[in-house]
Amino acid sequence: MKLSVFTVATPDLTPEELVLTAREAGLDGVEWRFKGVPAEAKDEAPSFWRNNLCSIDPGLSDTEMLRFKEITEAQGLEVVSVTPYLNSLNLEETDRAFRAARLLGAKMIRVGAAGYDGSTPYPELYEATVRYLKEAERMAKQYGVKGVVETHHNTIAPSAGLAHRLVSHCDPEYIGVLFDPGNMVHEGYERFKMGLELLGPYLAHVHVKNAVWTQDGARADGTAGWRSEWAPLASGIVDFRTLLYDLKSAGYDGCLGIEDFSGQYDSKTLLKAFAEFMRERM
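In UniProt numbering, the protein residues as written are 1 to 282.
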């Protein structure tokens, strides 16, 4: 297995700083965040989801985007993915991301799965997402880039089982699953081995982060209240030694991409610590 970084986790680094740091840490690839910075956020301190300095603005020209390919490959790294935010199921934005991925030589993009907040019945969201994924599959064939659905809380794909239900309508050569055990601490936990056995050829990528549940006061009826929150890799619920064992058992040989939101380390230290942590367990 190889190591990569999703640049949402390194918001304070410029792209040039990121690729140099990733190479020095011994990583193999970069997953470029594909999202513009809101105009009102540009004077803010760097942050994961707002003023992220390590992002590709979808509005850049082809020449400007190619800079990201050039600086990545100059450090001996691969462009693993272009990673947008597509849970609105917008096909125009999806096409733009596929096109950018082909331009940069990326293997995959993250496609969407409808968000779930209880206001729209699951069956409606399921049908809409399946229709969307069939269109995304057509684009994947056109561009030669795989689309992956991430296991993610607050969507209709929080678990391997529900993600598989969506992607099973598609060819695993073109549509797969991004397995994220850290997200599954918040919602969607299944035994890793079972989920990986179910996904089979749909398993396309893995993200690495961790989370915990913390007691948070009491509910109205007097029972204990709980909340989930991000945690350092070594301090959360995910057992990475078991995860890696199960991934090996499933024959997975792709990337493990760091996406840590715990704030334990600055970005440069994070990449080095991640590489050391994973290699001790691989």
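Backbone N, C-alpha and C define an ideal beta-carbon position, used for all residues, glycine too.
Just so we're clear, the structure is a prediction, and the values are computed from it rather than from any experiment.
### Message
Let me confirm a value: His153 is counted as buried when at least 16 other C-beta atoms fall within 10 Å, else exposed. Which label applies?
### Response
buried
### Thr269: first and last residue of the uninterrupted alpha helix (DSSP H) it sits in
267-279
### Message
Quick check on Met108: buried or exposed, where buried means 16 or more other Cβ atoms within 10 Å of its Cβ?
### Response
buried
### Task
Quick one: measure Cβ to Cβ for Asp282 and Leu244, integer angstroms, because I've assumed they're closer than 8 Å.
Here residue 282 turns out to be Met, not Asp, going by the sequence shown. Right, the Cβ-Cβ distance comes to about 6 Å (below 8 Å), so this counts as a contact.
### Query
Quick one: what does DSSP say His153 is sitting in, helix, strand or coil?
His153 falls in the coil class under three-state DSSP.
#### Entry: Segment contact flag, the segment 69-80 with the segment 40-49, C-beta cutoff 8 Å, min 3 pairs
no
### Query
Excluding sequence positions up to five away, which residues of its chain have a Cβ less than 6 Å from the Cβ of Phe274?
Closer than 6 Å at the Cβ level, and outside the excluded window around Phe274, lie Ile258.
### Message
I need the straight-line Cα distance from Glu124 to Val111, nearest angstrom please.
### Response
18 Å
### Task
Identify every residue that forms a DSSP beta bridge with Ala78.
The residue asked about is misnamed: residue 78 is Glu in this sequence, not Ala. Beta-bridge pairing by DSSP links Glu78 to Gly29.
### Task
Evaluate Tyr122 with the Cβ neighbour count: other Cβ atoms within 10 Å of its Cβ, from every protein chain shown; 16 or more gives buried, anything less gives exposed.
exposed
### Task
Mind reading off the beta-carbon distance from Tyr202 to Gly161? Whole number of angstroms is fine, and I expect it under 8 Å.
Their Cβ separation, rounded to whole angstroms, is 12 Å, which puts Tyr202 and Gly161 out of contact at 8 Å.
### Query
Looking only at its own chain, which residues have a Cβ that is under 6 Å from the Cβ of Leu233, when we skip the five neighbours before and after it?
Asn210, Phe277
### Query
So does the segment 19-26 actually touch the segment 60-67, counting three or more Cβ pairs closer than 8 Å?
no
### Message
So, under 8 Å CB-CB, Gly36 and Arg102 are touching, yes? Tell me the CB distance rounded to an integer number of Å.
### Response
Going by Cβ atoms, the distance from Gly36 to Arg102 rounds to 20 Å, so no, they are not a contact pair.
#### Entry: Closest Cα partner of Glu229 within the set Asp260, Thr223, Gly251
Asp260
### Beta-carbon proximity list for Ala250, same chain, < 6 Å, skipping 5 on both sides
Result list for Ala250: Leu196, in chain order.
### Span separating the alpha-carbon of Arg191 from that of Leu178
The alpha-carbon atoms of Arg191 and Leu178 are separated by roughly 16 Å.
### Query
Fully enclosed by the segment 103-150, which beta strand (DSSP E) runs are 3 residues long or longer?
108-110, 146-150
### Query
Can Ala113 and Ala157 be called in contact, C-beta distance under 9 Å?
yes
### Task
Kindly indicate which three-state DSSP category Lys69 falls into: helix, strand or coil?
Assigned with DSSP and collapsed to three states, Lys69 falls in helix.
### Query
Just to confirm, are residue 284 and His169 a CB contact at a threshold of 9 Å?
Outside the displayed range of the chain (1 to 282) lies residue 284, so it cannot be described from this structure.
### Message
Just to confirm before moving on: does the CB-CB distance between Ala41 and Arg50 stay below 9 Å?
### Response
yes
### Task
Specify, as a first and last residue, the run of the alpha helix (DSSP H) that Glu197 falls within.
192-199
### Query
If you draw a straight line from the alpha carbon of Ala136 to that of Lys2, how long is it in whole angstroms?
26 Å
### Task
Tell me whether the beta-carbon of Lys272 lies closer than 9 Å to the beta-carbon of Glu17.
no
### Query
Thr214 by DSSP, collapsed to three states: which one?
strand
### Query
Looking only at C-alpha atoms, which of Leu13, Phe6, Pro11 sits nearest to Lys32?
In the sequence under discussion, the amino acid at residue 32 is Trp, which differs from the Lys named in the question. Nearest of Leu13, Phe6, Pro11 to Trp32, Cα basis: Phe6.
### Query
On the three-state DSSP scale, how would you describe Leu203?
strand
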